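Residue numbers (the working numbering): 22 to 565.
Every residue gets a Cβ at the ideal spot worked out from N, C-alpha and C, and that includes glycine.
Since this is a predicted model, take the numbers as computed values, not measurements.
Only one structure is covered here, and it is reproduced in the block below.
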Amino acid sequence: MRTTNHPKRSTATASACSLALVATAAVVADPPPITVDGSFDDWEERAITATDPTGDGELDLVELRLADEPDWFQMLIIASSDFDLSDDNDLVLLLDTDDDPGTGLQTEGIGAELRFVFGARSGRFYPESTTDQSDGIALNHLPLSLQGAPTVTSNRFEIALARGATIEGNDLFLESQGALVLRSGSGDRLPDSGAISYRLDLEPAPPARDVPIERERADDLRLVSWNVRVDSPWSNGQANRFRRLVRAIEPDILNFQEIYDHTPAETRQRFIGWLGENTNDWYAAGNADCITLSRFPILYAEALDTNLAVLIETDPLLDRALLIINAHPPCCTNDDGRQEEIDQMLALLRRVRAGEHPDIPADVAVQLTGDMNLVGFAQQLDSLITGDIVDEDTWGPDVAPDVDGSALLDIRPLLSGARLSYTYRNDGSFSGYWPGRLDVSIISDSVLELGRQLVLETRFMTERRLAEYELQANDSASSDHLPVVTDLRRPTTSTGDINEDGIVNGLDLAILLSSWGTSNESDLNEDGIVNGQDLSILLSRWGT
Numbered sequence: 022m023r024t025t026n027h028p029k030r031s032t033a034t035a036s037a038c039s040l041a042l043v044a045t046a047a048v049v050a051d052p053p054p055i056t057v058d059g060s061f062d063d064w065e066e067r068a069i070t071a072t073d074p075t076g077d078g079e080l081d082l083v084e085l086r087l088a089d090e091p092d093w094f095q096m097l098i099i100a101s102s103d104f105d106l107s108d109d110n111d112l113v114l115l116l117d118t119d120d121d122p123g124t125g126l127q128t129e130g131i132g133a134e135l136r137f138v139f140g141a142r143s144g145r146f147y148p149e150s151t152t153d154q155s156d157g158i159a160l161n162h163l164p165l166s167l168q169g170a171p172t173v174t175s176n177r178f179e180i181a182l183a184r185g186a187t188i189e190g191n192d193l194f195l196e197s198q199g200a201l202v203l204r205s206g207s208g209d210r211l212p213d214s215g216a217i218s219y220r221l222d223l224e225p226a227p228p229a230r231d232v233p234i235e236r237e238r239a240d241d242l243r244l245v246s247w248n249v250r251v252d253s254p255w256s257n258g259q260a261n262r263f264r265r266l267v268r269a270i271e272p273d274i275l276n277f278q279e280i281y282d283h284t285p286a287e288t289r290q291r292f293i294g295w296l297g298e299n300t301n302d303w304y305a306a307g308n309a310d311c312i313t314l315s316r317f318p319i320l321y322a323e324a325l326d327t328n329l330a331v332l333i334e335t336d337p338l339l340d341r342a343l344l345i346i347n348a349h350p351p352c353c354t355n356d357d358g359r360q361e362e363i364d365q366m367l368a369l370l371r372r373v374r375a376g377e378h379p380d381i382p383a384d385v386a387v388q389l390t391g392d393m394n395l396v397g398f399a400q401q402l403d404s405l406i407t408g409d410i411v412d413e414d415t416w417g418p419d420v421a422p423d424v425d426g427s428a429l430l431d432i433r434p435l436l437s438g439a440r441l442s443y444t445y446r447n448d449g450s451f452s453g454y455w456p457g458r459l460d461v462s463i464i465s466d467s468v469l470e471l472g473r474q475l476v477l478e479t480r481f482m483t484e485r486r487l488a489e490y491e492l493q494a495n496d497s498a499s500s501d502h503l504p505v506v507t508d509l510r511r512p513t514t515s516t517g518d519i520n521e522d523g524i525v526n527g528l529d530l531a532i533l534l535s536s537w538g539t540s541n542e543s544d545l546n547e548d549g550i551v552n553g554q555d556l557s558i559l560l561s562r563w564g565t
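Printed below as a string of structure tokens:
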């Protein structure tokens with residue numbers, strides 16, 4: 022994507038707009054594709070599109086980067102301090118998509134077809150020229166297929182809009198070039214004057230992400246977290262969708278949330294029956310709306326407020342037991358309630374690591390999983406990873422959560438058929454939030470090795486993949502949350518040991534280089550393509 026000052030819209034100098042026609046950071050000829058997952062590493066090789074001085078607004082924008090691919094128009098927004106993109110802000114995106122200043126909303130020196138207010142999660146589309154921003158067609162995030170990450174507070178956000186978006190029959194993107202302005206009602210504007218022009222399709226299209234569902238190894242332990250939306254597996258309209266999904270996944274352990282009206286035994290009967298297995302060979306435990314099913318014995322279960330901790334005998338596969346905290350803390354604006362329940366989970370883990378729990382060994386492997394409702398303060402996610410307890414007066418001091426005293430690993434799985442990371446998606450007409458990663462799988466990676474990780478989303482799968490697993494395109498609409506799949510194994514090889522000969526060396530490097538630009542076992546970060554990021558991972562593990 023090429024970006025410049027727009028000659029029709031501004032006489033500002035390049036320094037006034039701080040536009041970078043040449044990247045200020047190293048940019049490679051074929052940068053990695055953008056993955057909307059809230060991690061941002063893939064943006065480092067993208068040119069800085071525009072910068073802005075600090076201190077000129079309460080919501081103080083300082084940098085913008087742009088990218089695109091055939092399906093998405095993408096941007097990275099950086100501010101000087103943290104804020105919540107989906108709530109309590111007045112950040113406005115003005116987007117001229119037909120490269121004509123005489124059409125759309127006449128504002129800020131451009132003709133904007135789209136005006137979207139992120140904090141209100143709503144906006145308007147202007148098919149006709151107007152100076153009144155209340156004209157046009159009201160919309161929320163749905164017609165735009167808007168993606169935003171992370172869902173918690175941050176000073177940077179990656180955003181994607183579908184290039185095929187339509188609003189009441191009108192295409193959003195009308196030309197291969199256009200212009201944009203970002204404006205905060207609290208005073209800041211990016212750029213300070215004029216507009217930022219963009220041009221699409223200047224780079225080769227990245228390869229599609231299309232990963233298989235089955236385990237990488239037959240003896241990998243497959244865990245699934247799944248909010249099933251208020252007992253939907255027992256709904257006549259959704260039951261067959263759930264049946265197809267669970268049969269495609271072939272789980273070993275299922276962690277459900279939002280099962281309110283059915284017992285663990287009834288849940289086991291339904292899902293294990295769908296798998297065609299003997300329900301007596303599976304174990305079940307539950308608390309409140311959280312239910313865990315396991316083909317391995319559940320040795321111990323403990324209620325944590327409305328959440329559930331279970332100890333599972335996974336020694337045959339992992340060489341140790343596995344402690345799973347299956348959680349569903351309160352949603353939306355209840356940040357204090359979420360943090361309180363997370364603190365309680367960590368207090369249990371501290372007792373375990375200190376050897377003070379009578380039923381759980383101190384060196385147990387751990388997975389923290391479930392619908393964590395992560396739409397507020399980033400502290401909640403940080404606590405889950407690092408063991409930082411906020412209310413120490415009630416729950417005691419922090420915990421070093423992994424067996425070796427380190428932080429846990431937040432694995433951030435991607436959709437099976439797209440470089441997106443959302444686990445929540447509600448396409449209902451009154452949907453409040455755009456798709457986001459509300460559900461997590463966080464593990465003790467010092468004693469566990471990852472296999473395949475994915476979020477099963479049938480609406481992005483190819484027809485070939487759907488047929489392969491006997492799925493239908495809308496099966497994932499069975500719930501507003503998607504199944505989060507995590508495969509675990511005992512540590513066997515160092516990351517980067519592609520040929521599994523026990524050491525990362527030149528043989529592995531040769532395999533990786535011969536796979537450049539493809540998607541196979543050399544794709545160490547599983548972003549869908551073998552590239553410089555995978556090379557960096559391999560080199561960092563050299564000799565191990």
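Among the bridge pairs identified by DSSP, residue 93 is matched with 90, 183. Taking all protein chains in view, the Cβ of residue 423 is crowded by 16 or more other Cβ atoms within 10 Å, so the residue is classified as buried. Judged by DSSP secondary structure, residue 484 falls outside any beta strand (DSSP E) and instead within the alpha helix (DSSP H) spanning 484 to 489. Annotation for residue 246: the continuous beta strand (DSSP E) segment containing it runs 242 to 248. It is roughly 54 Å from the alpha-carbon of residue 346 to the alpha-carbon of residue 121.
DSSP, reduced to helix, strand and coil, places residue 557 within a helical segment of the structure shown. Counting only residues of its own chain and dropping the five nearest sequence neighbours on each side, residue 336 has a CB closer than 8 Å to the CB of 342. Pairing residue 88 with residue 55 gives a Cβ-Cβ distance under 9 Å.
Beyond the five residues adjoining it in sequence on each side, residue 264 comes within less than 8 Å, by CB distance, of 295 in the same chain, given in chain order. About 17 Å separates the Cβ atoms of residue 57 and residue 224, ruling out a contact at the 8 Å cut-off. In terms of CA proximity to residue 531, 555 leads the group 555, 114, 432. A direct Cα-Cα distance of roughly 52 Å separates residue 129 from residue 329. The Cβ atoms of residue 173 and residue 476 lie no closer than 9 Å to each other.
Spanning the alpha carbons of residue 482 and residue 231 requires a straight line of approximately 7 Å. Residue 197 and residue 184 have their C-alpha atoms roughly 10 Å apart. Taking all protein chains in view, the Cβ of residue 131 is crowded by 16 or more other Cβ atoms within 10 Å, so the residue is classified as buried. Taking each of 68, 167, 242 in turn and checking the Cα distance to residue 457, the smallest one comes out for 167. Burial state of residue 560 is exposed, judged by a 10 Å Cβ sphere holding fewer than 16 other Cβ atoms.
In this structure, residue 429 sits away from residue 471, with a CB-CB distance that is not shorter than 9 Å. Bounds of the beta strand (DSSP E) holding residue 307 are 304 to 308. Annotation: residue 74 to residue 440 spans about 32 Å, alpha carbon to alpha carbon. In the three-state reduction of the DSSP assignment, residue 373 falls in the helix class, which pools H, G and I.
In the displayed model, residue 259 falls within coil according to three-state DSSP, outside both helix and strand. Sorting 375, 503, 252 by C-alpha distance to the C-alpha of residue 448 places 503 at the top. A residue is called buried once 16 or more other Cβ atoms fall within 10 Å of its Cβ, and residue 147 is buried on that count. Proximity to residue 426 across 374, 393, 399 peaks at 374, based on C-alpha coordinates. In the structure shown, residue 506 falls within a strand segment according to DSSP collapsed to helix, strand and coil. Boundaries of the beta strand (DSSP E) around residue 220: 217 to 220. The beta carbons of residue 204 and residue 83 sit about 15 Å from each other, so the pair does not count as a contact at 8 Å. Just so you know, the alpha carbons of residue 418 and residue 377 end up roughly 14 Å apart. The beta carbons of residue 255 and residue 277 sit no closer together than 9 Å. Here residue 537 really is in contact with residue 551; their C-beta atoms are around 5 Å apart, less than 8 Å. Annotated three-state conformation of residue 368 is helix, per DSSP.
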